[in-house]
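The sequence shown lines up with residues 89 to 371 when you count with the numbering used here. Cβ atoms here follow ideal geometry from the backbone N, Cα and C, with glycine treated the same way.
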Amino acid sequence: MPVVPMPEILEPAFKNRYGVGAFNIVNDLTMEAVLAAAEEARSPVIVQVSVKTVKTMGARLIRLMFEEMAEKVSIPATLHLDHCPDVKVIEECLEAGWNSVLFDGSGLSYEDNLDQTRAVVALAKKCGAAVEGELEAVRGVEDGIGSVNEGMIIPLDEAVSFIRETGIGSFAPAIGTAHGLYKGEPKINFDRVAEIVAREPVPIVLHGGTGLSDEVFRRLIVLGAVKVNISTQLKITFADALREYLNEHPTEYNPLKLLAAARERVKVMAIGFLRVFGSEGKA
Ligand code: 13P
89 MPVVPMPEIL EPAFKNRYGV GAFNIVNDLT MEAVLAAAEE ARSPVIVQVS VKTVKTMGAR
149 LIRLMFEEMA EKVSIPATLH LDHCPDVKVI EECLEAGWNS VLFDGSGLSY EDNLDQTRAV
209 VALAKKCGAA VEGELEAVRG VEDGIGSVNE GMIIPLDEAV SFIRETGIGS FAPAIGTAHG
269 LYKGEPKINF DRVAEIVARE PVPIVLHGGT GLSDEVFRRL IVLGAVKVNI STQLKITFAD
329 ALREYLNEHP TEYNPLKLLA AARERVKVMA IGFLRVFGSE GKA
């Protein structure tokens, strides 16, 4: 089906409290595998791309590829730019017709972040796109963007004003999750999600999905964290699949067979997450 705007995916998910996977794809193969997973699970899906991948492939090529692939499946899918502090890259993606962007102003002062996020929301509106906002840095470096430390936690009143004054469509708070692999048991701030949603009913974005337990996912989703980001696990699955295939078939040189093995594993991985998030059968 044709590509759908982000609110068409997030609004029903938020209302009915199921999670939607936002998978950071790295190329055509992983994009297609994630869409095929959603098709098989009859689930809506968010195809998410990091700035590094945009710089490697180009915003237009990714959008064209996405449009072509999304047309071939019969579930709602939308294209989102992950953590982007660079307004130029955001403009490029919006001009190329992307559906949604995360303006990551967590490195700015509250006032500058507010001003710049507002400007990005205005620009996105003209292009029919949605904006995810971020105030506090999520711990962990993702494709060269981010910080090893969690950002300062902003008082609830300011976080709520930020959501209201910027007009963002979803909000990514720091709740103790982190990008990359967890070294120990993460201490999740469930109350923060509940408090924000109680004051301002906006879909919350769960960053750092890789390594969280099914129980943590489910608790956070029920509270309103319905956009669930998965990046590291996709990379691990992709790389492991290639490694294992080559180990098992040391004389195989046909790239298509090698890639088909990786595609299958990424697809199975994504279906597993969609089931846990509760979006299976929702499309
Ligand atoms: P992981 O790399 O932990 O899956 O986090 C993904 C993410 O939050 C992307 O922004």
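Kindly identify the DSSP beta-bridge partner or partners of residue i.
| i | result |
| --- | --- |
| residue 136 | 112 and 168 |
| residue 294 | 316 |
| residue 332 | Beta-bridge pairing links residue 332 to no other residue. |
| residue 189 | 169 and 219 |
| residue 361 | Looking at the DSSP assignment, residue 361 forms no beta bridge with any residue, so it has no partner. |
| residue 260 | 222 |
| residue 266 | 227 |
Are residue i and residue j closer than 9 angstroms when you measure CB to CB?
| i | j | result |
| --- | --- | --- |
| residue 165 | residue 158 | yes |
| residue 205 | residue 221 | yes |
| residue 265 | residue 276 | yes |
| residue 154 | residue 133 | no |
| residue 285 | residue 260 | no |
| residue 323 | residue 294 | no |
| residue 351 | residue 118 | yes |
| residue 135 | residue 113 | yes |
| residue 223 | residue 250 | yes |
| residue 168 | residue 89 | no |
| residue 184 | residue 358 | no |
| residue 262 | residue 241 | yes |
| residue 254 | residue 219 | yes |
| residue 267 | residue 301 | no |
| residue 137 | residue 178 | no |
| residue 310 | residue 258 | no |
| residue 160 | residue 123 | yes |
| residue 344 | residue 330 | no |
Could you tell me whether any non-hydrogen atom of the ligand 13P is closer than 8 angstroms to the CB of residue i?
| i | result |
| --- | --- |
| residue 358 | no |
| residue 302 | no |
| residue 226 | yes |
| residue 312 | no |
| residue 245 | no |
| residue 170 | yes |
| residue 216 | no |
| residue 277 | no |
| residue 118 | no |
| residue 254 | no |
| residue 318 | yes |
| residue 266 | yes |
| residue 272 | no |
| residue 112 | yes |
| residue 205 | no |
| residue 109 | no |
| residue 298 | yes |
| residue 295 | yes |
Do you know whose CA, among the options, lies nearest residue i's CA?
| i | options | result |
| --- | --- | --- |
| residue 370 | 136, 328 and 128 | 128 |
| residue 170 | 160, 182, 213 and 273 | 182 |
| residue 188 | 302, 100, 160 and 211 | 211 |
| residue 272 | 298, 160 and 216 | 298 |
| residue 321 | 353, 343 and 339 | 353 |
| residue 349 | 360, 339, 327 and 145 | 327 |
| residue 244 | 269, 283 and 252 | 283 |
| residue 216 | 102, 200, 186 and 339 | 186 |
| residue 202 | 176, 213, 214 and 252 | 252 |
| residue 355 | 194, 99 and 109 | 109 |
| residue 287 | 296, 312 and 341 | 312 |
| residue 173 | 152, 341, 115 and 196 | 196 |
| residue 120 | 139, 100 and 152 | 152 |
(request) Say whether the segment 356-366 touches the segment 300-319, bearing in mind that this needs 3 or more beta-carbon pairs closer than 8 angstroms, one atom from each stretch. (result) yes
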